[in-house]
Each structure stands twice: as structure tokens, then as C-alpha cells.
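Residue numbers (UniProt numbering): 1 to 189.
Take a look at the structure set out below.
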């Protein structure tokens, strides 16, 4: 059974994805969660403290989802990366982590820390996959593994931004598909 703290964190995770940090107030959290104000402030000193906890939890969730997907994939590096790129994404809703970056208040170091940890971890995961493939001579070394990892994250995040800006939900899938074609051209047999 979820604790009151867990309920607050889960509610804030959802609101951050839907509304962002700046447009979410403690009252939104209280209304959505059904938790009283006293319980909110018993667990968190401020909206920022709750947001940091929610962002840390979201980062943990997304990293665990990635790790699970990759470990369950029986294919080579290409199959693993494509399995991730082919996950259902909705550009109009935005990335569950990347969405928050667009808020002006996120320049705060405490709010940036979970975002930095998430994107740094994902970069490390992709770099590791690409480095191993290059070591095994299964991926061309035309693009260094680190740069390819940065490009992977940029393709996904860029797809969200362009899709949202143009109100075209399918753009995130199209950018991922185009990137898979690029990756396939770098694949060595």
C-alpha cells in the first residue's frame, strides 16, 4: 500500500509531466492526491522539495525501464537500441523528464540535479552499448560512441519538441525511425 509520501510523489510526477514545474502549485497536488495540507508539509518543506523527490523517482523509474528493456532484448546492439527507439511515445504529451527542462525555474541547481542524473545515465547506457558494438567491430567507428549517444538522446528529445511545436504527435516516431535507418547504415555484419 502506498504511503502518503508516495502518493504525493506520484501525483507530482504526473503533474510535472502534464503541467510542468512552474504551472503546478501545491494546491494542484493537494486536489489531485486528496492529501491534506498538513500531510504535504509534514513530508516536504516546499513545492521544490516535492518536485525534486518526484523527479528523482521519475528518473529512477525511467532508468529501470530502460535497463529492463535492454536486459530482456536477446538481439545485438542494433536490436536493443531499436527496441528503445520503438517504445510508444506521444510528442504532444512530451517526455516525462525532458518536459520539465523547458520551465524557466529549472535553472535552480536542486531542480537540475535529477535531470542531469537522468540524461547523464542514459548517455552512459547508450555510450556503453555503442562502445561495445564498436569494440566487436559490429558498428562503424565513423561516429564516436559518445557522440552517437548524444545524438540518440537528441533525436528523441528533438522529436518531442518539434512534434509538440507542430501539433504532430507522429513526429517523435518519424525521427526515431529515421535515426534507426541511420544506425542501420552504420551496422557491420
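Glycine included, C-beta positions come from ideal geometry on N, C-alpha and C.
All values reported here derive from a predicted model rather than from experimental measurement.
Do residue 52 and residue 14 have their C-beta atoms closer together than 7 Å? The residue labelled residue 52 in the question sits at position 52 within the chain shown. The residue labelled residue 14 in the question sits at position 14 within the chain shown. No, they are not a contact pair.
Could you name each continuous alpha helix (DSSP H) segment of 4 residues or more that falls completely within the UniProt domain "HTH tetR-type" (2-62), going from the start of the chain to the end? As far as the UniProt domain "HTH tetR-type" (2-62) is concerned, its whole alpha helix (DSSP H) runs of at least 4 residues are 4-19, 26-33, 37-43.
For residue 44, which option in 4, 126, 121 has the closest C-alpha, if you only look at C-alpha atoms? For the purposes of this step, residue 44 is taken as the residue at position 44 of the chain shown. Its Cα nearest to that of residue 44, the residue 4 stands out among 4, 126, 121.
Would you call the CB atoms of residue 105 and residue 22 closer than 7 Å? Taking the first residue of the chain shown as 1, we reach residue 105 at position 105. Taking the first residue of the chain shown as 1, we reach residue 22 at position 22. Their beta carbons are under 7 Å apart, which means residue 105 touches residue 22 by this criterion.
Is residue 92 helix, strand or coil when you go by DSSP? Stepping through the chain shown from its first residue, residue 92 is reached at position 92. Annotated three-state conformation of residue 92 is coil, per DSSP.
Return the chain-ordered list of same chain residues with a C-beta closer than 6 Å to the C-beta of residue 11, the five sequence neighbours on each side being excluded. By one-based count along the chain shown, residue 11 stands at place 11. 29, 32, 33, listed in sequence order.
Let's test the definition: count the other Cβ atoms within 10 Å of the Cβ of residue 187 and tell me whether it reaches 16, buried, or not, exposed. Position 187 of the chain shown, counted from the first residue, corresponds to residue 187. With a 10 Å radius around the Cβ and a threshold of 16 neighbouring Cβ atoms, residue 187 comes out exposed.
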